[in-house]
Structures are given as structure tokens and as C-alpha cells.
Amino acid sequence: MTGMRLILIGCITWTHAAFAEFPERPIRLVVPQAAGSATDNIARAIAPELAKFLGQQVIVDNRPGGALTVGIDAVAKAAPDGYTIGQGPVGALAITRHMVAKLPYDIERDLQPVALVSTGYMLLAVSQKTDFHSVRQLIEFAKKNPGKLFNASSSNGSPGHVSGELFKYMTGTEITHVPYKGGAPAIADLIAGQVQLMFESTNSIAPHVRNGRVRALAVTGEKRALSLPEVPTLIEAGVPGYEVNAWSGIITTAGVPRAVLDRLNAAVNAAIVAPQTKERLSAMGSEGGGGTPEDFAALIRRDSAKWGDVVKRSGAKID
Numbered sequence: 004m005t006g007m008r009l010i011l012i013g014c015i016t017w018t019h020a021a022f023a024e025f026p027e028r029p030i031r032l033v034v035p036q037a038a039g040s041a042t043d044n045i046a047r048a049i050a051p052e053l054a055k056f057l058g059q060q061v062i063v064d065n066r067p068g069g070a071l072t073v074g075i076d077a078v079a080k081a082a083p084d085g086y087t088i089g090q091g092p093v094g095a096l097a098i099t100r101h102m103v104a105k106l107p108y109d110i111e112r113d114l115q116p117v118a119l120v121s122t123g124y125m126l127l128a129v130s131q132k133t134d135f136h137s138v139r140q141l142i143e144f145a146k147k148n149p150g151k152l153f154n155a156s157s158s159n160g161s162p163g164h165v166s167g168e169l170f171k172y173m174t175g176t177e178i179t180h181v182p183y184k185g186g187a188p189a190i191a192d193l194i195a196g197q198v199q200l201m202f203e204s205t206n207s208i209a210p211h212v213r214n215g216r217v218r219a220l221a222v223t224g225e226k227r228a229l230s231l232p233e234v235p236t237l238i239e240a241g242v243p244g245y246e247v248n249a250w251s252g253i254i255t256t257a258g259v260p261r262a263v264l265d266r267l268n269a270a271v272n273a274a275i276v277a278p279q280t281k282e283r284l285s286a287m288g289s290e291g292g293g294g295t296p297e298d299f300a301a302l303i304r305r306d307s308a309k310w311g312d313v314v315k316r317s318g319a320k321i322d
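Number 134 in my numbering belongs to position 131 of the sequence shown; there are no gaps in the numbering.
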């Protein structure tokens with residue numbers, strides 16, 4: 004018995020020592036959307052600081068497609084060693100599950116929240132080629148011309164998609180959803196006037212508002228965005244009760260040892276308060292998150308329940 008006890012103690016000591024050395028090689032940060040998307044911008048803002056705190060390179064790996072499921076599936080199916088992490092936006096973790104008939108993974112069973120990275124709002128923007136200068140004008144036109152307006156989004160199941168569906172439901176309008184493979188091509192078509200409106204994260208579309216390429220009508224938060232204080236909320240603009248928050252956090256594969264999870268969590272919490280990260284997030288109209296893995300898991304559960312109800316009431320589904 005004594006010999007067995009010594010062996011067990013030795014194994015535990017070796018295991019803790021091995022985890023204490025984590026990471027010993029580069030870490031892959033999977034992004035379930037294309038380069039230039041809101042999720043990609045967040046990932047590229049935090050990756051350099053994560054690398055500093057972890058002492059290893061953090062390689063951004065864009066895996067768009069499948070209504071955000073391709074990239075998330077890559078994280079779910081990875082080895083549970085912490086060397087594959089993912090940028091998990093609200094769309095992938097709290098919305099898509101209610102819109103896809105059968106996901107190739109189970110979010111609670113196959114994924115492990117690490118920490119919330121950022122919170123922010125969506126922005127309702129219209130093409131400069133339209134005559135819409137207020138939300139009321141947009142609603143009036145949409146009601147008189149059902150189905151004739153086109154609403155772009157970065158992908159099926161994205162926050163932009165369901166934000167548009169919630170808007171239609173709450174305003175009694177018919178607007179045609181047009182999904183793209185990433186925010187950048189969707190914004191490009193909005194600028195060109197190929198589509199008339201778009202709900203997109205402030206962190207990716209605010210620069211186009213500032214340079215006059217698109218026109219901002221409202222933000223989706225309960226209060227105005229610090230980056231665009233002159234833009235009213237949708238509540239102020241005439242849609243009482245409309246509120247959408249866009250967040251994004253780091254996830255990894257379920258089964259990652261707690262010591263590794265804690266190391267990743269500490270790195271995320273340190274990275275988001277680093278001056279460079281705070282500056283980049285602020286420029287995007289986002290704020291740093293932080294907290295424990297359990298805090299992030301609770302947020303995912305709470306917003307999943309909310310969006311499940313929205314999807315059910317609005318009839319939103321993957322086109």
C-alpha cells in the first residue's frame with residue numbers, strides 16, 4: 004500500500020509540474036468568422052497580449068462557415084490540452100444553437116469557457132445611397148414596401164442576423180436578410196448600396212461611420228456607445244424595449260485540466276487590461292470583460308435563454 008501511495012504522489016507531482024510548464028509551444032486561436040469581421044478584430048486585438056503573458060506565440064486561425072459552426076467545431080474536436088482555444092462570440096455560443104437543426108457539437112458538453120474578453124453594442128447603419136436619416140423613416144419605408152429592403156449580416160446566426168430579425172419582429176416590418184461570409188464583404192456591399200441596411204458590431208463598422216461611408220441610425224444598447232455618443236439608441240429612436248449586447252470571449256475544449264484552464268484565464272484577464280488592448284478595444288467601441296470561467300459560463304447560459312426566446316418568437320432560422 005505504501006508503495007502504491009508513493010507512486011500516486013509521484014504521478015500527481017509530475018502532472019502538476021507538467022501543467023506548470025504550460026504552454027511549451029504556440030497556441031492556436033480559432034476564429035469562426037472571416038478576417039475583418041467583428042470577431043476577428045477582437046481576436047487580433049487580444050492575441051499579441053495573450054502571447055506576452057503566456058510566453059508563446061498565439062496564432063490566429065480563421066475558420067469561417069457553417070453559420071459559425073466550422074470554427075467552433077474545430078475547438079470542440081481539438082485535443083483537451085489547452086493548445087487550441089477559440090474566440091467565441093455571442094452568435095456562436097448563445098444564438099446559433101437555436102437556429103441550426105443539429106450542431107456537430109454540444110456547447111455545454113464539448114466546450115469550456117475561459118473568460119469574457121469584450122462587451123459592446125451593435126449599430127444599425129444604412130447606405131449613404133439611401134434617403135434614410137432616422138429609424139422612423141426606415142420603418143415607414145419598410146412598412147410601405149415589404150420585402151424590398153435588404154439587410155446584410157456577417158453570417159447566418161450572427162448577432163447581426165438576429166438583431167435584424169428582432170427589429171423586424173418588434174416593428175412589424177418585412178425586410179429581406181442577406182447573409183455574407185464575414186463582416187467585411189457585407190460592409191463593402193452596404194457602402195456600395197447593394198444592400199440598404201446592416202446591424203453590425205460597432206467595433207467593425209464605426210470606422211466607416213466616421214469616414215462617412217455609411218450612415219449610423221442607432222445603437223442597440225440601453226445607453227449610447229462611448230465611441231459614437233452622438234448616435235441615439237434604438238429605444239430613443241422609437242423602438243421601445245429594443246436591446247442587444249454583443250460580447251465575445253475565449254473558449255477551449257472541454258476536459259482541459261483545471262491548472263491549464265486557470266493559466267489561460269489569468270492570461271486573458273491580464274491581456275484585456277493591458278494598455279494596448281484597452282486602447283484597441285475602445286477604438287472599436289468595446290469594453291474589456293474579464294472574470295472567471297464560471298462567470299463566462301453563466302453569461303452564455305443567460306443569453307442563450309434570451310436568444311432562444313427571440314428566435315422562437317420572431318421565427319428566425321438559418322436561410
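For every residue, glycine included, the Cβ atom is placed at its ideal position computed from N, Cα and C.
Every value quoted in this text rests on a predicted model; they were computed, and no experiment measured them.
For R66, there is no enclosing alpha helix (DSSP H), since its DSSP letter is neither H nor E.
For S130 against L193, the beta-carbon gap comes to about 5 Å, under 8 Å, which counts as contact. Under the three-state reduction of DSSP output, N206 falls in the helix class. The straight-line gap separating the alpha-carbon atoms of W250 and I88 is approximately 17 Å. Note: E290 is bridge-paired with T122 in the DSSP secondary-structure output. In this structure, the alpha-carbon of D64 lies about 12 Å from that of P29. Taking V117 as the centre and dropping the five residues before and after it, the same chain places the C-beta of I88, G252, I253, I254, T255, L264, L267, N268, V271, P296 and F299 closer than 8 Å to its C-beta, in chain order. Rounded to the nearest angstrom, the gap between the Cα atoms of A191 and E24 is 45 Å. Between P92 and P162, the CB-CB gap stays under 8 Å. If you look at I178, you'll find it isn't in any alpha helix (DSSP H); DSSP assigns it neither H nor E. For H136, the number of other beta carbons within 10 angstroms of its own is below 16, and it is reported as exposed. Non-local beta-carbon contacts of V259 in its own chain, meaning distances under 6 Å to residues more than five positions away in sequence, involve P83, G85 and Q115 in chain order. Note: Q115 is bridge-paired with T255 in the DSSP secondary-structure output. The beta carbon of Y172 lies closer than 7 Å to those of R316 and S317 in the same chain, with the five residues before and after it left out. As DSSP reads the structure, R31 sits in a beta bridge with I62 and T87. Counting every other CB atom within 10 Å of its CB across the protein chains shown gives D109 a total below 16, marking it as exposed.
One thing to note: A50 has its Cβ no nearer than 8 Å to the Cβ of D43.
Between A70 and S204, the C-beta spacing is not below 8 Å. G293 and V120 have their C-alpha atoms spaced approximately 6 Å apart. Between F202 and the set G123, A257, K146 and R261, the nearest pair of CA atoms involves G123.
Only buried fits G160, as 16 or more other CB atoms lie within 10 angstroms of its CB. In the three-state reduction of the DSSP assignment, R283 falls in the helix class.
The Cβ neighbour count for Q279, taken over all protein chains shown within 10 Å, is under 16; the residue is labelled exposed. Pairing G196 with H180 gives a Cβ-Cβ distance that is not under 8 Å. Around the C-beta of V276, fewer than 16 other C-beta atoms lie within 10 Å, and the residue is accordingly described as exposed.
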